[in-house]
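A.B. asks: Just dropping this structure here.
4 protein chains.
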Amino acid sequence: MEIKEANGKLGVLVVGIGGAVATTMITGTLAARKGLAKPIGSIAEMAKMRVKSGEEKLIKDIVPIANLNDIVFGGWDIFPENAYNAALCAEVLKEKDLNAVKDELEAIVPMPAAFDHTWAKRLNGTYVKDSANRAEMIEQIRQDIRNFKAANNCDRVTVLWSASTEIYIPLSDEHMSLAALEKAIAENKTDVISPSMCYAYASIAEGCPFVMGAPNLCLDTPAMWEFSKKMQVPIAGKDFKSGQTLMKTVLAPMFKTRMLGVNGWFSTNILGNRDGAVLDDPDNFKTKEVSKLSVIENIFEPEKNPDLYGDVYHKVRINYYPPRKDNKEAWDNIDIFGWMGYPMEIKVNFLCRDSILAAPIALDLVLFCDLAQRAGMYGTQYWLSFFLKSPMHEFNEEPVHDLFQQWRMVKQTIREMIGEKEPNYLD
Amino acid sequence: MEIKEANGKLGVLVVGIGGAVATTMITGTLAARKGLAKPIGSIAEMAKMRVKSGEEKLIKDIVPIANLNDIVFGGWDIFPENAYNAALCAEVLKEKDLNAVKDELEAIVPMPAAFDHTWAKRLNGTYVKDSANRAEMIEQIRQDIRNFKAANNCDRVTVLWSASTEIYIPLSDEHMSLAALEKAIAENKTDVISPSMCYAYASIAEGCPFVMGAPNLCLDTPAMWEFSKKMQVPIAGKDFKSGQTLMKTVLAPMFKTRMLGVNGWFSTNILGNRDGAVLDDPDNFKTKEVSKLSVIENIFEPEKNPDLYGDVYHKVRINYYPPRKDNKEAWDNIDIFGWMGYPMEIKVNFLCRDSILAAPIALDLVLFCDLAQRAGMYGTQYWLSFFLKSPMHEFNEEPVHDLFQQWRMVKQTIREMIGEKEPNYLD
Amino acid sequence: MEIKEANGKLGVLVVGIGGAVATTMITGTLAARKGLAKPIGSIAEMAKMRVKSGEEKLIKDIVPIANLNDIVFGGWDIFPENAYNAALCAEVLKEKDLNAVKDELEAIVPMPAAFDHTWAKRLNGTYVKDSANRAEMIEQIRQDIRNFKAANNCDRVTVLWSASTEIYIPLSDEHMSLAALEKAIAENKTDVISPSMCYAYASIAEGCPFVMGAPNLCLDTPAMWEFSKKMQVPIAGKDFKSGQTLMKTVLAPMFKTRMLGVNGWFSTNILGNRDGAVLDDPDNFKTKEVSKLSVIENIFEPEKNPDLYGDVYHKVRINYYPPRKDNKEAWDNIDIFGWMGYPMEIKVNFLCRDSILAAPIALDLVLFCDLAQRAGMYGTQYWLSFFLKSPMHEFNEEPVHDLFQQWRMVKQTIREMIGEKEPNYLD
Amino acid sequence: MEIKEANGKLGVLVVGIGGAVATTMITGTLAARKGLAKPIGSIAEMAKMRVKSGEEKLIKDIVPIANLNDIVFGGWDIFPENAYNAALCAEVLKEKDLNAVKDELEAIVPMPAAFDHTWAKRLNGTYVKDSANRAEMIEQIRQDIRNFKAANNCDRVTVLWSASTEIYIPLSDEHMSLAALEKAIAENKTDVISPSMCYAYASIAEGCPFVMGAPNLCLDTPAMWEFSKKMQVPIAGKDFKSGQTLMKTVLAPMFKTRMLGVNGWFSTNILGNRDGAVLDDPDNFKTKEVSKLSVIENIFEPEKNPDLYGDVYHKVRINYYPPRKDNKEAWDNIDIFGWMGYPMEIKVNFLCRDSILAAPIALDLVLFCDLAQRAGMYGTQYWLSFFLKSPMHEFNEEPVHDLFQQWRMVKQTIREMIGEKEPNYLD
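Protein chains in written order, with my numbering: chain D, 49 to 475; chain W, 49 to 475; chain G, 49 to 475; chain U, 49 to 475.
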């Protein structure tokens, strides 16, 4: 496989650039450039893997990942605040850390967002595009991308959705082929064409990789698969695998590996950031719930292991709880059973920081999609499932949820890029 | 590799046969034979793996594991109660479950144990051998094994240490070669030759595989490695990986895979069974502590990842707490950090049942050691690290602690037994 | 105050006699009679208080509480099972404990229940009265009470609602006076006259104290207050204060006493019994939620302590989770703040058993209401707030929620019954 | 009772003024004076109580408590840093909060401490008095007090021990009378006369109230009781009741009030501040352990309630865990039982901040001792038990541990000061 070098500037256009995840990702990247902070949690920047020689090398020394110094950030938001003020408001990072890169953050000012209140009723954006219809909305986004690329002299651009969860909609006929999708856009079917689809369509049309960080139905449609292949653009989604689901995708494989049965898994979350406010709407929550619920059934394969997983009661709750702010907290109760069917319980209380966990994931997805494009890999990037709560898959395939299997997929793909084999079964 | 069929009876001689783990393992095995309970948690009995054809098959359909119906249980204890009364007293299993196999349990009566109070001061056994010295102790055990084998018409015997943790001793010159060990036995050096070493020596001398379920210094010595190879006997140890450590060996790999840093890991345990009473003695606790502490450092490799794991404060506490009985409970607090060094916390509260988790592990170690012997594999069984808190390893090697790497070792070994290759990188 | 002795039989008629709480209460009472178990948790049976002399005496030695031996149990249910079979099905008590009083339990067979599916949509009772209208329903219940009393030669009868939570309805004009209530009954207004009101009305009409153990709008109406005074009958309600709310009514007073501020209180519950199934219906949950939410605001008095409690975000969730059965589990996260406003967090995980906690409360409410009637105290029994999640109060009064204040009310009332004063301020 | 007005300056001399508790208390007091923060958690400053008229009034409007503006802070430490630098190092408060009162903090410079390494082996103070013997040590402290009072023009001085826990010593003959104590001082018996006793003796000799905030054997001796009465000085101790014990003294009364039995109570703590380092020494831990263990037995009165509390297994552990810094964290597991003896469990995880909880307690003890002195109350201040883990009591009395009883003692004492009676039993 031939991979183009990462020459020139890489534009990173973030939808929801004023949000907590985006401002945290940007601040950390700017700080890392200046040597003020390590990009902890970033696989592209910090992880090593073993190469054929047996040596462990940094992934970025194995494949040509874009240099952080070459990134130019931009994006859209429904509020006009620059990244510094938006980050202050998000209350994720300490003022001291923001001030260290204040000038650069202040220079990042959003473009008005393409927005439709129907898809996120708890949000009242004031800084939105005036679009007559979906086709115009798409054209406006495309123009934004082109303008940004030219103004910043970018060699390449990747677009990242780091905005809110949209309301739940099922897959419908309009999403089943590119032709159907384009017809629905032309007919301005606003109930099946979400704003996030407009961003994705625009991005792909401009030849830019697109990453879906929320659980929205967007990239995971035959229409987008077709379009991304046609345009030779990598796409990756969906929903950053940050906290509770990350835990699930290591604990569930452990139970299964150890042949321990599971009766029930109750997961509750409290969070108080903007994401929590949006998810307080049942329609938006449903989108998230579907994304979160799929995980463990897929790992347990109840049909193959009916004695152990034939009757798992899995429930996920998300509660808007303002005192917690961005510090999302998860409490899981897991009812397991062992030898002779005797029950045991595990409680996991994860006091996490949503944006701290999500920021390096967002950055990695951008960097790896850019790499994939230079390597000529387009369409759905299965190998990036590692970062995603609901990895995309074609209908006839099963997603891989097990974190350690996903990690082997990452390593295997990188080996294939450089034409190597796995060194031995224990890597 | 040629593997002998599992014909004839398999004697399983348990040291500490009246303990909670042993009686739970035996009761469950008897119940499984009668179809009253599934052997949940047993890899040998229930786990599947993918074979070359892509098909998933039960491991016991791939390699010739001994049939549960062919097992004859026996063993030693420091109390004379039969297995039924001992199990009642352990309060692990419901009376109803014990009664279902009462006759068979009552028929299992221990032989007097080889015991030395100095090595477990909290135990006051009443049913112990009168041995003039260590050499005689070994000879008595060997005679017991021979008698049992003959009386029960066993084709093969495996010996399993499921008794208490002995006091901590460091590796000393006496353990460094078979000659030195035999000299120390001859000289009756009771401070470096523990009772568990007598059982191990006797077992190996009789050609029987030996499994060390406690953290005792016993099998993990050059002397025993040499002896087991000389006698062509498989050995496996040490310390069943049941609850808290099991969690650690999946959570620590998760942090590392995700490049999340760790500042501290505080683990506390409360338990009220006989094991808890023994560990209330600081000398015995130290043996356990050393076993439990090694785990995460090995996984984190701080020297390779100083930014993330260069300063992990790891503390393990075990508290004797009678109200909890056998229902060992663990509470872990883990201090992690992510993007830009921001801290997060995870608390895991595992309300487990020590013997329920340990019983299938004990059975699996026995069954797989017996298999190994028939396959001509002798000496340390690295591939059984999956079941062990402190996997044995030669001095120039690193143990593997990551549960999922260990699981791949199990599967890889089974594949080698039948001359297959791994089907694909995602198994 | 003159108190009649507790001579003769006391009939205890339980609505929902086949439920988990009722069968647990009955089994424990029967076991206590036989000396097989202590009535742990019962104030009437086990609590002591200090009398004027300074001596501590059992409450039942201070005032004439009915003897457990004089109780005759009966009641109604929507399923025809006798109390033994119902208790088996509830899976609260061990079979061994049920078998110890099996004959007596089997002899307790319910009468068909007055039931209206609209008020509890998740229940599908098969053993219900055929009542043309609410007036007939009431008359049938009254006839049941009279029959039971005669058949069992009871001196007195108390009726206890231990059945499910009904759907939420607001207080309406029909509940504002006895005349209005009777008119609504006559007009068969089934949307404002719940089945529980029919039981309460019938009970009061028959001169029997009535206890409301669920959060239903029933006794807490001017109509019932008027009726109970007119008929000289004690009434007590509502909603047994068993687990999570019990904790709240000691923790909230602690924060307030210590002048610690509170930002948020998130309470979640998982339970899998019939009560949980009923509460899975949003209409029924609302009734419970209103009952549970009122507690802490009343204790904190935010209007008097705006700096500390002016902005408490309080959220209560109840989740139907079948694996947990009757073992209701609560997880609370409490966000507090102290000196200079610095935040701290408390997490409480209560692994309780709903019926084990509720059974002695139910028994105590019955015994104390019977005592009150003999002491000539009628209408709302404020002093029994100690046992109740939503203590009834007239509109111009504030309920008392603080457990220790409630306990002082109990003791003060008992002192008044026997004409004593509080011995000193530290009792 | 006649109470002198709080005229003039109040000197507050803190032993361990550079510690986390002291610097937090001082910073918050300075901030409160400037209106920058509320003195949250302070009873003297914020709590109300009901007076005879039924009205609720601030305690400081009922009795003449010293005005925060009249306080002058000073004290001793084993390190020479001023309060600003010490507070920075303690890492309890945000830099922003310290900077708001930076000038005043910097002006607070400690006097060299009276110190004896034997009593706190984990501390290596560099800024200590050179005292030939205990008598000289006392005289040096007295001189410090006199100098401070004169230099700052103080009307009154209170001395507060906010330094570390000393090693455990039992009560011995030397502590049994003032004469014996003075003889031991004269004979320089350094193994029974601790540094904290020297501070207490010096303080009382100077007519200054003394508060013991650590669990040291110091004030709780007949010698000190005698001396404080002779000198007409109030004394209060011992050990601030901040986090875990605060919880215990509300939960234990709840169990008892509800007649719920208790089998076991396991309490573990992790903390990483200087206090934690000191307590890592078993001799110092023992002092703390004895203080912490006494609490629940006293509340449960097992001899009066053998069925419920006759066999409570109570264990307390404190673990030095540097990653936690001052944010002490407690995890309690409580095993309770109810109706028919069925077991339940409560887990409490308190993520607290030691100094944030302790600071207002320290301030309150100072302010109330100063008030007591002006009211002519001297010797042991039982009524301040509310603030203390191990309330002092004469040998023939029982301490009161129940927080709500303690709170009533506070209010009752204040009422007595102003000659009022309790308004009604529900206050």
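For each residue, glycine too, the CB sits at the ideal point set by N, CA and C.
Can you give, in chain order, each stretch of the alpha helix (DSSP H) that sits fully within the segment 233-285 of chain D and has at least 4 residues?
C.D. replies: Segments of the alpha helix (DSSP H) lying fully in the segment 233-285 of chain D: 243-253, 270-279.
A.B. asks: Do S315 (chain W) and R372 (chain W) have their CB atoms nearer than 9 Å?
C.D. replies: Not closer than 9 Å, so no.
A.B. asks: CA-CA distance, K108 (chain G) and N117 (chain G)?
C.D. replies: C-alpha separation (whole angstroms): 14 Å.
A.B. asks: State whether the segment 440-448 of chain U contacts the segment 288-299 of chain U, with contact taken as three or more CB pairs (one from each stretch) at a distance under 8 Å.
C.D. replies: The segment 440-448 of chain U vs the segment 288-299 of chain U: no contact.
A.B. asks: Please confirm whether E371 (chain G) has its beta-carbon closer than 9 Å to some beta-carbon of chain D.
C.D. replies: It is Pro, not Glu, that sits at residue 371 (chain G) in the sequence shown. Taking Cβ atoms only, chain D reaches closer than 9 Å to P371 (chain G), which makes this a yes.
A.B. asks: Going by DSSP, which residues form a beta bridge with V448 (chain G)?
C.D. replies: None; V448 (chain G) has no bridge partner.
A.B. asks: Hey, is R201 (chain U)'s beta-carbon within less than 9 Å of any beta-carbon in chain W?
C.D. replies: Looking at the sequence provided, one finds Asn at residue 201 (chain U) rather than Arg. So, not an interface residue.
A.B. asks: Compile a chain-ordered list of the residues in the segment 298-330 of chain G whose CB is closer than 7 Å to at least one CB of chain D.
C.D. replies: Hits within the stretch, in order: N311, G312, F314, T316, I318.
A.B. asks: Would you identify the three-state DSSP class for Y368 (chain G), choosing helix, strand or coil?
C.D. replies: Looking at Y368 (chain G) - three-state DSSP - the assignment turns out to be strand.
A.B. asks: Find the nearest neighbour of L415 (chain W) within the set W:K96, W:I113, W:E254, W:I88, judged by alpha-carbon distance.
C.D. replies: Nearest option by C-alpha distance: W:I113.
A.B. asks: If contact is defined by three or more beta carbon pairs under 8 Å, each pair taking one atom from either stretch, is the segment 407-423 of chain W in contact with the segment 99-107 of chain D?
C.D. replies: Too few Cβ pairs lie closer than 8 Å, so no.
A.B. asks: Do G261 (chain W) and V448 (chain W) come within 9 Å of each other at the CB atom, strictly closer than that value?
C.D. replies: No; because the gap between Cβ atoms is not below 9 Å, this pair is not in contact.
A.B. asks: To the nearest angstrom, how far is it from the Cα of V140 (chain W) to the Cα of D374 (chain W)?
C.D. replies: Going by the C-alpha atoms only, they are around 6 Å apart.
A.B. asks: Give the secondary structure of Y473 (chain D) by DSSP, where H, G and I count as helix, E and B as strand, and everything else as coil.
C.D. replies: Low confidence applies to Y473 (chain D): its pLDDT is 49, below 50, so where it sits in the model is not reliable, and the reading given next is rough at best. Coil, per DSSP.
A.B. asks: Just verifying my parser: in three-state terms, what is the DSSP assignment at I91 (chain U)?
C.D. replies: Helix, per DSSP.
A.B. asks: May I have the straight-line CA-CA distance separating F435 (chain W) from P87 (chain W), to the nearest angstrom?
C.D. replies: Going by the C-alpha atoms only, they are around 16 Å apart.
A.B. asks: Along the chain, where does the beta strand (DSSP E) containing S315 (chain G) start, and where does it finish?
C.D. replies: That run of the beta strand (DSSP E) goes 309-319.
A.B. asks: Identify, in the order they occur along the chain, each residue of the same chain with its Cβ nearer than 6 Å to the Cβ of Q280 (chain D), setting aside the five sequence neighbours on each side.
C.D. replies: Answer for Q280 (chain D): Y426, listed in chain order.
A.B. asks: What's the gap between the Cα of Y247 (chain U) and the Cα of S179 (chain U)?
C.D. replies: Roughly 13 Å separates the two Cα atoms.
A.B. asks: Would you say E442 (chain D) lies against chain G (beta-carbon separation less than 9 Å)?
C.D. replies: For E442 (chain D), the answer is no, since every Cβ of chain G falls outside 9 Å of its Cβ.
A.B. asks: Got a sec? Which residues, its chain only, sit under 6 Å from P391 (chain U) by beta carbon, not counting five neighbours each side?
C.D. replies: So the qualifying residues of the chain are F385.
A.B. asks: Using a Cβ cut-off of 7 Å, pull out every chain D residue sitting near N367 (chain G), in sequence order please.
C.D. replies: Under the 7 Å cutoff, chain D gives F314, K363, R365.
A.B. asks: Take every Cβ of the segment 396-408 of chain W, pair it with every Cβ of the segment 336-355 of chain W, and state whether three or more of those distances are shorter than 8 Å.
C.D. replies: Not touching, per the Cβ criterion.
A.B. asks: Considering only their Cβ atoms, is the gap separating I189 (chain G) from A250 (chain G) smaller than 9 Å?
C.D. replies: Against a cut-off of 9 Å, the Cβ pair of I189 (chain G) and A250 (chain G) comes out as a contact.
A.B. asks: Check whether chain D comes within 9 Å of N133 (chain G), counting only Cβ atoms and requiring the distance to be less than that.
C.D. replies: False, the Cβ-Cβ gap to chain D never drops below 9 Å.
A.B. asks: Would you list, in chain order, the members of the segment 58-72 of chain W that have their beta-carbon closer than 7 Å to a beta-carbon of chain D?
C.D. replies: For the segment 58-72 of chain W, which is checked against every Cβ of chain D, the residues closer than 7 Å are T72.
A.B. asks: Hey, would you say E377 (chain D) sits closer than 9 Å to M49 (chain D), going by beta carbons?
C.D. replies: It is not a contact, given that the beta carbons lie outside the stated cut-off.
A.B. asks: Taking the alpha carbon of V60 (chain G) as the point to measure from, which residue in G:K340, G:S210, G:K144 has its own alpha carbon closest?
C.D. replies: The option with the nearest alpha carbon to V60 (chain G) is G:S210.
A.B. asks: When the Cα of N321 (chain D) is compared with those of D:L229, D:L171, D:L432, D:P218, which residue comes out closest?
C.D. replies: Of the listed residues, the one whose Cα sits closest to N321 (chain D) is D:L171.
A.B. asks: Within this structure, are the beta carbons of N397 (chain G) and D380 (chain G) separated by less than 9 Å?
C.D. replies: The answer is yes: Cβ separation under 9 Å.
A.B. asks: Taking the CB atoms as reference points, tell me whether D203 (chain D) and K57 (chain D) lie closer together than 9 Å.
C.D. replies: For D203 (chain D) and K57 (chain D), yes; Cβs fall inside 9 Å.
A.B. asks: Contact criterion: CB-CB distance below 9 Å. Does R98 (chain U) meet it with respect to chain G?
C.D. replies: No, no contact with chain G.
A.B. asks: From C137 (chain G) to G66 (chain G), what does the alpha carbon distance come to, in whole angstroms?
C.D. replies: For C137 (chain G) and G66 (chain G), the distance between alpha carbons rounds to 9 Å.
A.B. asks: For G389 (chain W), tell me which candidate among W:A423, W:S433, W:K277, W:N311 has the shortest Cα-Cα distance.
C.D. replies: The residue with the shortest Cα to Cα distance from G389 (chain W) is W:N311.
A.B. asks: Which residues bound the alpha helix (DSSP H) around L136 (chain D)?
C.D. replies: It spans 131-138 - the alpha helix (DSSP H) in which L136 (chain D) sits, taken as one unbroken run.
A.B. asks: On the three-pair Cβ rule with 8 Å, is the segment 334-344 of chain U touching the segment 220-227 of chain U?
C.D. replies: As far as the Cβ criterion goes, the segment 334-344 of chain U does not touch the segment 220-227 of chain U, which means the pair count is below three.
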